[in-house]
Amino acid sequence: MKKSIYAFTFISYLVLLSFTNIFAQGRWCPPGSVWYYGFDAEYFSDYIKIEYVGDTIIQSVSCKKHQKTMYSYNFVSQELNSYIIGYEYTYADEDKVFYYTANQFFKLYDFAAQPGDTWTVQGTKHYENCDSTGIVNVDSIGTIQIDGFQHRYICVSPADDFTEWGWKSVKIIENIGPVERNANNSYDFLFPVKLSFCGMALDEHIEGGFFRCYSNASGFDYTSGIVAECDFIPTGEEEFRISNIVSIHPNPFNRFTSIHIRKNYKQGNVYVYSAEGRLINQLKLTGLENSLDLSSYKSGIYMFVFLIDNKIQTLRSIKL
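Counting from 1 along the sequence shown, just add 1160 to a position and that's the residue number in this note's numbering.
Set out below in structure tokens:
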């Protein structure tokens, strides 16, 4: 009788453990999971879509397979293209998420971490004679309520000024990933971002992007609000243009430029490009009056591209 009780207890424990592991893995990247990240470069407007496309086994570990696809519009050739840029593999274990790169698993997120804790991340791409790792430091932790459920979050940044991979300063939400950058031009990308240009070609761009949206098949949807549609690409086609909605002054300007919008809107952003076509600044618009500090940029001609409720207006201004 005792043996039967012990056997039943042991079997119950195994079943409970199995369900616990399934639950831990199931909360991270459930069916239909897809992330969108905006990305801008010279003469291009892009976004990266990362989607869960299936499961696979790596080193006896059941992993989620993520397909990364870039969608881009070339303002010069006026071509719209899409292509797969690679795959990533992750799995969850209790409070942690791991990813596979360089032939081994590395910790991606740790929601049990406390302020001051650190861990090492591995770069997702190898560059000759450059450090391929980075150290992530936890600055603060907390919880946030989304759709009636509490989610833990961690705010992280590089452990020192020499860290080559990681995130400059972002909030990472449980079951979603990095969603909010706290540093200018810092990518809040799903995977570690290269933080220096070491080893990169002159025309190469750092893989990453600004978080737009996350959703899954259960109906869960979380957006940053930086664009009205997750997969929107500004093409500049005439039917999407607006005119005389935005004005900037003074023009020419010396340090600050003020932005005046003549009508109410739901979503608005401005992107500032140099004469060479390089994105140098961007700002999420709030209200009818906004200001940009461009004092650190050299004199010359700059293009302001306004994206307001999925419509575009472009203006040029001169910095003295």
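Heads up, the beta-carbon is just placed ideally off N, CA and C, and yes, glycines get one too. Given the structure is predicted, the values throughout are model-derived calculations rather than measurements.
Rounded to the nearest angstrom, how far is the Cβ of residue i from that of residue j, given a contact under 8 Å?
i: V1432; j: F1466; result: With a Cβ gap of about 10 Å, V1432 and F1466 do not count as contacting.
i: I1306; j: Y1425; result: Contact doesn't hold; Cβ gap of about 25 Å is too wide.
i: I1269; j: I1393; result: One detail in the question is off: residue 1269 reads as Tyr in this sequence, not Ile. So it is not a contact: roughly 29 Å between Cβ atoms.
i: G1276; j: V1298; result: 7 Å
i: Y1457; j: I1440; result: 6 Å
i: V1406; j: I1419; result: 6 Å
i: Y1374; j: I1336; result: 5 Å
i: L1480; j: S1459; result: 6 Å
Confirm, please, whether the CB-CB distance from residue j to residue i is below 8 Å.
i: K1225; j: Y1249; result: yes
i: R1372; j: C1390; result: yes
i: V1257; j: W1195; result: no
i: T1229; j: I1244; result: yes
i: K1331; j: L1355; result: no
i: V1281; j: P1352; result: yes
i: I1301; j: Q1274; result: yes
i: S1193; j: N1376; result: yes
i: G1326; j: Y1347; result: no
i: L1443; j: L1454; result: no
i: F1199; j: I1210; result: no
i: R1312; j: F1349; result: no
i: F1411; j: I1478; result: The residue you asked about is not Phe; residue 1411 is Asn in the sequence shown. In contact: N1411 and I1478 (Cβ atoms closer than 8 Å).
i: N1289; j: A1388; result: no
i: G1283; j: T1293; result: yes
i: Y1259; j: Q1227; result: no
Can you check DSSP and say which residues form a bridge with residue i?
i: E1211; result: V1194 and Q1227
i: L1452; result: T1417
i: F1258; result: Y1251 and K1267
i: G1447; result: Answer is none; G1447 lacks a bridge partner.
i: Q1442; result: Y1431
i: V1221; result: I1218
i: F1199; result: D1206
Over what stretch of residues does the alpha helix (DSSP H) that includes residue i continue unbroken?
i: R1187; result: K1162 to R1187
Name the two residues that bound the continuous beta strand (DSSP E) containing residue i.
i: H1409; result: V1406 to H1409
i: Q1274; result: No beta strand (DSSP E) holds Q1274; DSSP gives it neither H nor E.
i: T1383; result: D1381 to T1383
i: T1474; result: K1471 to K1479
i: R1422; result: No beta strand (DSSP E) contains R1422, which DSSP labels as neither H nor E.
i: E1374; result: At residue 1374 the sequence reads Tyr, which differs from the Glu that was named. Note, Y1374: beta strand (DSSP E), F1370 to S1375.
i: Y1462; result: G1460 to I1468
Is it the case that the CB of residue i approaches a heavy atom of the ligand FMN more closely than 7 Å?
i: K1285; result: Summarising the ligand content, the structure contains no ligands, and the ligand FMN is consequently not present.
Which ranges would you report for the beta strand (DSSP E) in the region 1279 to 1359 if only whole runs of at least 3 residues count? 1293 to 1306, 1309 to 1318, 1330 to 1333 and 1337 to 1341
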